[in-house]
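*Asks:*
Protein chains: 2
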Amino acid sequence: MSAPAFAIPSPTGSTRLYAVVGNPIEQVMAPSLMNRLFLDRNVDAVLVPVKAEASGIAAVIEGLKLIGNLGGILVTVPHKFAACGHADHLSERAELAQSANALRREADGSWSADNFDGAGFVAGLLKAGYAVAGKMISLVGAGGAGVSIAAALMLAGTADLSITDVDEQRMAALADRLAQRWPGRIRASSMPIAGDIMINATPIGLQPEDLLPFSVDNLPPRTVVSDIIMKPAETRLLAAARARGLRVHPGLPMLTEQIELYRQFFRVP
Amino acid sequence: MSAPAFAIPSPTGSTRLYAVVGNPIEQVMAPSLMNRLFLDRNVDAVLVPVKAEASGIAAVIEGLKLIGNLGGILVTVPHKFAACGHADHLSERAELAQSANALRREADGSWSADNFDGAGFVAGLLKAGYAVAGKMISLVGAGGAGVSIAAALMLAGTADLSITDVDEQRMAALADRLAQRWPGRIRASSMPIAGDIMINATPIGLQPEDLLPFSVDNLPPRTVVSDIIMKPAETRLLAAARARGLRVHPGLPMLTEQIELYRQFFRVP
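Residue numbers (our numbering), protein chains in the order written: chain R, 1 to 269; chain F, 1001 to 1269.
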């Protein structure tokens, strides 16, 4: 990541603390985005990166939770599943996804978890003019982001959702969980099925030498192809779809749309 | 605390993290001082305040220690004694004081603790032109700062040290520990004894209504009276000593002199 182009007041003893926990952590954009939010709103708070190995994640999160001036915790790869185990209450979408990316302390001292990946992704699609209600959507990748996107799509009224993942166990687990709530509208598919919207929620495309996560060759012209990868902004998948005349939707809005959701969740004025 | 008069670059995912742990935490000056240091040296790091109750201090420190991008931990009231228990190695002065205010990770993954309160205090005295080697010094207060000052004074060559504390047990414990190393040169005294330098290391004087921690009425004219309290900058003790024509030494240098010691300890370039 390049350095941010802005400055914040130096923290003092009365600054409220927020953390984003992940591994690796160098690439996370949450510090820049949330610190910009605090700055714009004149809130005396700072969000800092916290790198934690899987072996230490429980102790790191439990330690953070005991910090009196902690305003909240964001959680990123690979700790979103583990994060659920550190909350007393899960939101509906975090429960559906079995994955959380935000933890906050309630007035009674208990901890709540929510997951805004999917809500941010859906908000970004809607803002770009792509409806999801009533649509047939194909999701490739049932990892940390994929599970949240699946839950958010269904909560937003997606008619039929097809889920594909190379890990058949987690693919089936997610499909089964969603099918309990939305019977007949979820299918697990070992190969991606053509849909109104095709979403890559795998890491395939992060590396320049990566193949495409799915072929765009035979998709109908009305198809929207989306990739949650933020860097590069235009992945090989999106470039290929664009070359075929398809509409494309990039990864960044999923994150930027979450900032307002985080703000509300953390009750930042 | 008033807001600092300077700004720092917003933290990003690659920013190194430092924490100062205490309770209360609002008054700590370490964030302003250390963030100024990082800024001046163009180091991508931020020091943040961490408020921790005694009941949670072990979990908070152990959690911090597992953070991969943590550069180090400063510890302040009331956790300096507990901090020793979280280090694999204690410096000589931390061992003597049984108190630590800084923890760092070594190359082998172990943790070292040191205590710079006393060294900072002594450095401030020396810089102000007050020698301690060969002197008779009277220290009132054997708490978190007092124990460290006692150890640093003796390591700097103080000839005779008198220690007073209302808590007779901790007064005797400190005196006994130092007397093992410097037999015949340490005494525990229930009432402060006149010395070349008289040091208040109690919290008496933080509140406007506080009485003096010791009387300055019969001190010889050559006496230096020092107070480790930083706010107010001139305590009632120092005002009374000054009114009697005695030389006085305030609390702030103890902290400002520590910044360079922290820098070296944390290997900040």
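Built from N, CA and C at the ideal position, the CB exists for glycine as well.
With a threshold of 16 other CB atoms inside 10 Å of the CB of F/Ile1057, please say whether the residue is buried or exposed.
*Replies:* It counts as buried.
*Asks:* Select from F/Phe1121, F/Ala1172, F/Leu1017 and F/Asn1200 the residue whose C-alpha is nearest the C-alpha of F/Thr1256.
*Replies:* Out of F/Phe1121, F/Ala1172, F/Leu1017 and F/Asn1200, F/Phe1121 has the C-alpha closest to the C-alpha of F/Thr1256.
*Asks:* Please list, in chain order, all residues of the same chain as R/Val60 whose beta carbon is under 7 Å from its beta carbon, the five residues on each side excluded.
*Replies:* So the qualifying residues of the chain are Val21, Val50 and Ala52.
*Asks:* For F/Thr1256, would you say it is in contact with chain R, using Cβ-to-Cβ distances shorter than 7 Å as the test?
*Replies:* Not an interface residue.
*Asks:* List, in order along the chain, the chain F residues whose C-beta lies closer than 8 Å to that of R/Asn35?
*Replies:* Per Cβ cutoff of 8 Å: Ser1010 and Pro1011.
*Asks:* Given a limit of 7 Å on CB to CB distance, which residues of the segment 62 to 80 of chain R reach chain F?
*Replies:* Listed in sequence order: Glu62, Gly63, Leu64, Leu66, Ile67, Gly68 and Asn69.
*Asks:* Could you give the residue range of the alpha helix (DSSP H) that holds F/Tyr1018?
*Replies:* Unbroken run through F/Tyr1018 is the beta strand (DSSP E), Arg1016 to Gly1022; no alpha helix (DSSP H).
*Asks:* Straight-line CA distance for R/Asp210 to R/Val216?
*Replies:* Between R/Asp210 and R/Val216, the C-alpha separation is close to 15 Å.
*Asks:* How about F/Ile1025: is its C-beta nearer than 7 Å to some C-beta of chain R?
*Replies:* Judged by the 7 Å Cβ criterion, F/Ile1025 is in contact with chain R.
*Asks:* In this structure, what does DSSP give as the bridge partners for R/Pro9?
*Replies:* Paired residues: F/Ala1007.
*Asks:* Which residue from R/Leu64, R/Thr15, R/Pro24 and R/Pro11 puts its Cα closest to that of F/Leu1039?
*Replies:* Checking every option, the nearest Cα to that of F/Leu1039 belongs to R/Pro11.
*Asks:* Assign F/Asn1035 to one of three DSSP states: helix, strand, or coil.
*Replies:* Residue state, collapsed to three classes: helix.
*Asks:* Among the candidates R/Leu212, R/Gly251, R/Pro203 and R/Pro213, whose CA atom is the shortest distance from the CA of R/Pro78?
*Replies:* Comparing Cα positions, the closest option is R/Pro203.
*Asks:* Based on Cα-Cα distance, which residue from F/Ala1233, F/Leu1103 and F/Pro1232 lies nearest to F/Phe1266?
*Replies:* Answer by Cα proximity: F/Leu1103.
*Asks:* Residue range of the alpha helix (DSSP H) that R/Met154 falls in?
*Replies:* Per DSSP, R/Met154 belongs to the alpha helix (DSSP H) from Gly144 to Leu155.
*Asks:* Would you identify the three-state DSSP class for R/Ala45, choosing helix, strand or coil?
*Replies:* In this structure, R/Ala45 counts as strand in the three-state DSSP scheme.
*Asks:* Checking contacts by CB at 7 Å: is F/Leu1270 closer than that to chain R?
*Replies:* This structure cannot settle anything about residue 1270 of chain F, because the visible part of chain F is limited to 1001 through 1269.
*Asks:* How long is the line joining the alpha carbons of F/Asn989 and R/Arg41, rounded to whole angstroms?
*Replies:* No answer is possible for residue 989 of chain F: the residues shown for chain F start at 1001 and end at 1269.
*Asks:* Just to check my reading of the structure: R/Val268 and R/Leu37 have Cβ atoms closer than 8 Å, yes? What is that Cβ distance to the nearest angstrom?
*Replies:* The pair is a contact, with the Cβ atoms about 7 Å apart (cut-off 8 Å).
*Asks:* Against chain R, does F/Ser1110 count as a neighbour if the rule is that its beta carbon must be under 7 Å from one of theirs?
*Replies:* So no, F/Ser1110 is outside the interface.
*Asks:* Tell me the DSSP secondary structure of F/Ala1175 in three-state form.
*Replies:* If DSSP states are grouped into helix, strand and coil, F/Ala1175 belongs with the helices.
*Asks:* Span of the alpha helix (DSSP H) holding R/Arg267?
*Replies:* Looking at the DSSP string, R/Arg267 is not in any alpha helix (DSSP H), and its letter there is neither H nor E.
*Asks:* Any beta carbon from chain F within less than 7 Å of R/Glu260's own beta carbon?
*Replies:* No - not a single Cβ of chain F is within 7 Å of the one on R/Glu260.
*Asks:* For R/Ser91, does the count of other Cβ atoms within 10 angstroms reach 16, so buried, or fall short, so exposed?
*Replies:* Buried is the call here.
*Asks:* Tell me whether the beta-carbon of R/Ala145 lies closer than 7 Å to the beta-carbon of R/Asp117.
*Replies:* Yes, the Cβ-Cβ distance between R/Ala145 and R/Asp117 is below 7 Å.
*Asks:* Go ahead and label R/Asp271 buried or exposed: buried means 16 or more other beta carbons lie within 10 angstroms of its beta carbon, across all protein chains shown.
*Replies:* No answer is possible for residue 271 of chain R: the residues shown for chain R start at 1 and end at 269.
*Asks:* Can you tell me which of the three DSSP states R/Lys231 falls into?
*Replies:* Three-state result, R/Lys231: coil.
*Asks:* Under 7 Å, CB to CB, which of the residues in the segment 113 to 143 of chain R have a partner in chain F?
*Replies:* Listed by position along the chain: nothing, the set is empty.
*Asks:* Is F/Leu1252 close to chain R, meaning its C-beta is less than 7 Å from at least one C-beta of that chain?
*Replies:* Chain R, which has no Cβ nearer than 7 Å to the Cβ of F/Leu1252, makes this no.
*Asks:* Can you give me the Cβ contacts of F/Leu1155 inside the same chain, cut-off strictly under 7 Å, excluding the 5 residues immediately before and after it?
*Replies:* The answer, listed in chain order, is Arg1093.
*Asks:* Provide the residue span of the beta strand (DSSP E) that contains R/Leu70, from first to last.
*Replies:* From DSSP, the beta strand (DSSP E) with R/Leu70 extends over Leu70 to Val75.
*Asks:* Does any residue of chain R bring its CB to less than 7 Å from the CB of F/Ala1059?
*Replies:* Closer than 7 Å: yes.
*Asks:* Between R/Gly85 and the rest of its own chain, which residues show a CB-CB distance below 8 Å, the 5 nearest in sequence each way excluded?
*Replies:* For R/Gly85, where only same-chain residues beyond five positions count, the Cβ hits under 8 Å are Ala58.
*Asks:* Who pairs with F/Asp1160 in a beta bridge, going by DSSP?
*Replies:* According to DSSP, F/Asp1160 bridges with F/Met1136.
*Asks:* One question on the structure: do R/Gly141 and R/Ala201 come within less than 7 Å of each other, judged by their Cβ atoms?
*Replies:* Closer than 7 Å, so yes.
*Asks:* Establish whether the CB of F/Met1001 and some CB of chain R are separated by less than 7 Å.
*Replies:* Low per-residue confidence applies at F/Met1001: pLDDT is 45, beneath 50, and the placement is therefore not dependable enough to give any value.
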